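Going line by line, the protein sequences match chains W and A.
First residue of the first sequence: 1, per the working numbering; consecutive thereafter.
First residue of the second sequence: 1, per the working numbering; consecutive thereafter.
Glycine included, every Cβ here is placed at the ideal spot set by N, Cα and C.
All of these numbers come straight from a predicted model, not from anything done at the bench.
Here is the structure we will look at.
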Amino acid sequence: MSTRNPQKSKPDSKEDDMLIDIVGDDNDNNKMNAGDDGANGYSWEEEYKRSWDILEEDEDGSLKNSIANIQNQKRRRLIRDTETLQRGIIRHVYIVIDVSSNMADRDMHPTRISVVLKALEKFIHEFFDQNPISQLGIIVTKDGLADKLTNLSGNPMDHIKQLSDKKVKDLSGDPSIQNALDMAIDSLKHTPTHGSREVIAIFGSLTTCDPGDISKTTEQLKKNKIRVSMVHLAAEVFIFKQLCMQTKGHFSVALNEDHFGDIFLESIPPPPAVVDEKINSLQNSNMLVMMGFPKRLKDSVVPTHCVCHHNLTFNGYQCPQCKSKVCSLPNNCDVCALALVSSPHLARSYHHLFPCPNFEQIDDSKAPNNLVLAETCYGCLSPLSLPVQKEQPTKNKETSKGSKQTHMVQVMGPTYRYKCPKCQKQFCIECDIFIHENLHNCPGCCATANPQ
Amino acid sequence: MIDDLPVIFPYDYIYPEQYEYMCDLKRSLDCKGHCLLEMPSGTGKTVSLLSLIISYQLHYPETRKLVYCSRTVPEIDKALMELKRLMEYRQAHGANDPSFIGLGLTSRKNLCLNPDVNKHREGRIVDAKCRDRTASWNRRNILEQTTAATPNNDDDGDEIELCPFYETLETSSKETSMPLPSGVYTMDDLKDFGQKMTYCPYYLARRMIPFANVIIYSYHYMLDPKVADLVSKEFSKDTIVVFDEAHNIDSTCFEALSVDLNTNVLEASSRSIKKLSQRVEQIKQEDSQKLKDEYEKLVEGLRMTTEARDEDLILANPILPDDLLKEAVPGNIRQAQHFVQFLNRLIEYLRARMRVRHVVAETPTSFLHHLREITYIDAKPLRFSAERLSSLVRTLELTDLEDYWALSRVASFATICSTYEKGFMVLFEPYENDTDKSPNPILHLTCLDPSIVVQPVFNRFSTVVVTSGTLSPLDMYPRMLKIYPVIQKSYTMSLTRSCFLPMVITRGSDQVAMSSKFEVRSDPAVVRNFGNLLIECARVVPDGVVAFFPSYLYMESIVAMWNEMGVLRDVWKHKLIFVETPDAAETSVALANYRAACCNGRGAVLLSVARGKVSEGIDFDHNYGRAVVMFGIPYQYTESRILRARLEYLREECEIRENDFLTFDAMRHAAQCMGRVLRGKTDYGLMVLADKRYGRADKLSKLPKWIQNCVSETATNLSTDMGVSMMKRFLKSMAQPFDQIGQLGVSLWSLKDIETHQKGKNATAATQKVAANTNGSSAVVPSG
């Protein structure tokens, strides 16, 4: 299922790079010291974690500034390309995990692999939450071999259960990117063309132990339009970077645990669809995908088998085409291969296509004069601090108490408000984050939108 | 763009240091003085140099020729490519430069098109074969033979054909003076052109030198007196000479004037003397007129040279002192057979010297004295022996010049030895090294004073630019070469991120100090620590790692020990291992495989030697070299007698202490090795100096400024594990995406930035003036 916007835009990779860069800068300052350690990984060999340094009291002993800073960082992370462009919201993703001996390295705590697995679990949940009609599979690689942990499936629990498998816990040998990718290619080749195909690899090893020429695999990937992205835990490796660049994916290196989590979760929103000039007009423009919206079966007295797991269940969904019963949505009907979704799933996927615009940040003290500064946040009605110049004339006549207050306002440093570029409503930072992270719709725009 | 000179720079953005570089260059061009400039590798030295000088050339009416000397053939070619790009850019931007010619010159070996000749791989043979085909008397002979159609060849058994490429060039150049249309020619272009027109590219290039605006060739054509005489003597005084990659200019000078003789050479030369005398006899019987002519000419030479003296002052032969040119060939060797006998005596004498079984080191004066006592050969005829030999060869119309190389070497030995009293030493070593039992005597005539070679060049040309990525410490070169630059400057690199991390690792994880000092270098603890460092590097650094050792000998011993300790096996787990050997072919195979391994993700370690082929001229950019590890300090082999003599000379003549020179020399090589890793601003790399002694200030201060700036206090005394954690952090932060936008205005300047910079400069100058004035006035007020 794809929608298309006539206004074609450049691939947003550059923008995303910037995004990562920003995060990187922050971490350079604040977290660089925290994430690394010596060769042996004993905690006493590390440099000090001076996490308290980030927190700075202002003159009144308030931590508000520091907290605001942290929130600002979070907000900056959220600024992303909001141009509406074609994104494949039906995704077929293989996650390749390096389970070689290099993953036992303790430069992330407790070990690289456990950090990865923890993040992966979160990723899987988040992924299906945001991309309900997509599918995921996991491949692990070690000893120069690749092993498929789970097949493509739309059920998060399938994957999470497998993560505690012995295959993942035993770390040995060197990984093989080529074997893993070949395996992914074999499987992704058969997925329908309307979905996007992706491989997300997490590597900790600086070498890869390949049976043949990796460039052939790259060719295969390009031919099959599979996008490879990689998060590396140690350093930039030429071949991996090249692989990602050639397949139009992202290559990033994690600085520490938090950074790893951030850049890993960045692959949750679907990437823009690769627009292929040649077949663009024919294939991509108006392709319709058949989907079924199954009816929920009422609790029956006698349990019946579902076609997907052959379990006896009391309730389920009925495929509108072949009338067979599946136990969960979204799913593909095992009998007639119809994609079964429910309308909320589709709706949830839509926000990637029409994201909420980034709000403009306005520094109160430097706000242009023609702008009417709202006193409260449009979202939560909490007061937005007023700019100093406006307060001063009223407080001039007052006593020392008043002057103290103005003083305090000044100490607070720059205060920001956030304005929706469409409806011009102003929000506080908390609402800004909430709107972009969870709501995906601007309340101001929704309220003022004309009823038609 | 700069001052009043419009400079066309072929890129949209310019690095600030490039701008400064060009400013300084321009200043020294204006005042016609020499300059010494150090700029970090990979910051576009060549292009800024070329674009400024060419703009300068074309802007001012009196065209000053540019002679650009580089070190190796690939570097020459790179410079030519850069020039070509620049000219295309100029064309595209409306600068019309008709009749601009830029070309490169290299040896016949690289340029020859004749299939019979260029199948030989050794340069010397190719040269000789080519000369066989092109020497005028041979050509005449052959032409006569072919016209007479008599296959009866009584000169020699070899059948020699004419080189078609040379012939067509010869005929066409009679018709037109400019066989080459204007433009910029790289080596390949020149060859293609030659192929198309059947011109010999080598001679074409040589012929075009007087017409060309830019000539790019190797040092030797400028410095080596034997070659410079042929190629470079026609340049006028205001020619701009550039020595790029000039950090080794002194060793090139040493090489140019040093002659080694061993028994093989003597054997070969006595053989050729025999041949020569036969030939003289033969000629005497057949055609005594010719010898007489020659004799006459030599007598007349006396008069001729005095007439030509005025010219000589301008086009002074770069090497032989003027007084030598004023004299004619002395009488006792004017006769051909006398000269042959003379040479014979000389060789006998040398052979007698070779029988001695102990080391002798003496000055040329004492050598000559001894020579005269034994053989009654005077210094004066000796001085002319090389000239006389070449004249004889010309008269005798000899072919097969390759047979005579040994003899000519002896002759040049004699000439140099008798010409210079100072700055040289005759050194006789009966054994190759101290442990050898079988004698392999070698007679070295070593040049001790690089200024002898360089001085004429600096005196002759008004502007000589000496530039390289590693020239620090800058004051060393002027002292050593006895030159007086108007500008000497070292530029730092303006960076938006610190893209290289030099660090000094002084001890292993077990706190045992690491050093390649002679006393401890084979200590197992030290070797193990070096090994551990390599393992850790292999483990942590992606793709390519290059490790440098001070010498082949040391590398061999340490690798053997590593093998026993199992270090190599551990390295092998992470990366493949390649080793540089003295054999060039083997090394190039190793390099190719190394690059392949870096590209396909396997990763590789290259073990190589500072001062080796790898350390000079081979770039390890991006993934080919993410880290350089220097094991120990690459000091020269101090037991070498030649080095000792040189050091002594430097101390006496240039007031440079031995230790200073040794450290200087070692550190410039270390810097050179480290510079290999960084080629450009988007690149990044680690530089690991593993030796306790690097931690000292006297070593670090001798590194180039751009490296010094990045050495942080904490990184000067690390143990292996601390170093590794720094490496990890560095690599991670460097792998973060890096975009151009942040660089703009900081390390990339557009035209606008430059203008603001200029304005700012003027403004600060003005404010300083004002401040000075106010200071002055305020000082006046109280007194008044």
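With which residues is residue i paired in a DSSP beta bridge?
i: A:Ser490; result: A:Glu38
i: A:Met667; result: According to DSSP, A:Met667 bridges with nothing at all.
i: W:Glu360; result: W:Lys419
i: A:Leu718; result: A:Ile505
i: A:Met425; result: A:Thr446
i: W:Leu153; result: First, the amino acid is wrong: residue 153 of chain W is Ser here, not Leu. Beta-bridge pairing links W:Ser153 to W:Leu136.
i: W:Arg227; result: W:Glu198
i: A:Leu105; result: A:Tyr217
i: A:Phe243; result: A:Cys69, A:Val466
i: W:Gly204; result: DSSP lists no partner for W:Gly204.
i: W:Gln426; result: W:Lys419
i: W:Tyr317; result: W:Arg296, W:Val326
i: A:Ile577; result: A:Val605
Could you check what DSSP says for residue i in three-state terms: helix, strand or coil?
i: A:Tyr19; result: helix
i: W:Gly292; result: strand
i: A:Arg11; result: The sequence shown places Tyr at residue 11 of chain A, not Arg. Note: A:Tyr11 maps to coil in three-state DSSP.
i: A:Pro321; result: The predicted model places A:Pro321 with a pLDDT of 43, which falls under 50 and marks its position as unreliable, so this point remains unresolved.
i: W:Lys148; result: strand
i: A:Met208; result: helix
i: A:Cys499; result: coil
i: A:Cys253; result: helix
i: A:Glu652; result: helix
i: W:Ile95; result: strand
i: W:His125; result: helix
i: A:Glu556; result: helix
i: W:Ser382; result: coil
i: A:Asp260; result: strand
i: A:Asn114; result: coil
i: W:Ser252; result: strand
i: A:Tyr420; result: coil
i: W:Pro355; result: coil
i: A:His93; result: coil
i: A:Ser608; result: strand
i: A:Phe235; result: coil
i: W:Asn331; result: strand
i: A:Tyr185; result: strand
i: W:Gly444; result: helix
Whole-angstrom Cβ separation of residue i and residue j, contact assumed at under 8 Å?
i: A:Glu580; j: A:Leu606; result: 7 Å
i: W:Thr141; j: W:Ala180; result: 4 Å
i: A:Ala268; j: A:Val466; result: About 38 Å; that fails the 8 Å criterion.
i: W:Cys322; j: W:His309; result: Not confirmed; about 17 Å, so no contact.
i: A:Ser408; j: A:Val340; result: Rounded, the Cβ-Cβ distance is 14 Å, inconsistent with contact.
i: A:Val541; j: A:Glu429; result: That belief does not hold up - the Cβ atoms of A:Val541 and A:Glu429 are roughly 43 Å apart, past 8 Å.
i: A:Ile442; j: A:Asn264; result: Wrong, their Cβ atoms sit about 10 Å apart, outside the cutoff.
i: A:Ser785; j: A:Ile505; result: In the structure as shown, chain A begins at 1 and stops at 784. Residue 785 of chain A is therefore absent and cannot be evaluated.
i: A:Trp405; j: A:Arg90; result: Actually they are not in contact, since the Cβ atoms of A:Trp405 and A:Arg90 sit about 44 Å apart, beyond 8 Å.
Exercise. Spell out a yes or no on whether the stretch 704-715 of chain A and the stretch 514-527 of chain A are touching, meaning 3 or more CB-CB pairs, one atom from each, closer than 8 Å.
Key: no
Quiz item: Counting Cβ pairs, one atom from each stretch, are 3 or more of them under 8 Å apart for the stretch 623-636 of chain A and the stretch 675-686 of chain A?
Solution: yes
Quiz item: Of all the alpha helix (DSSP H) runs that stay within the bounds of the stretch 364-389 of chain A, which reach a length of 4 or more residues?
Solution: 364-375, 379-383
Practice problem: Pair every Cβ in the stretch 15-29 of chain A with every Cβ in the stretch 480-500 of chain A, then say whether three or more of these pairs are closer than 8 Å. | Solution: yes
Self-check item: Touching by the beta-carbon criterion (3+ pairs, under 8 Å), the stretch 422-430 of chain W and the stretch 440-449 of chain W
Solution: yes
Quiz item: Does the stretch 183-192 of chain W come close enough to the stretch 108-116 of chain W to have 3 or more Cβ pairs within less than 8 Å?
Solution: no
Practice problem: Could you tell me whether the stretch 215-233 of chain W touches the stretch 248-255 of chain W, where touching means 3 or more Cβ pairs closer than 8 Å? | Solution: yes
Practice problem: Decide yes or no for the touch test of the stretch 128-135 of chain W against the stretch 88-99 of chain W: beta carbon pairs closer than 8 Å, at least 3 of them. | Solution: yes
Practice problem: Take every Cβ of the stretch 236-245 of chain W, pair it with every Cβ of the stretch 546-554 of chain A, and state whether three or more of those distances are shorter than 8 Å. | Solution: no
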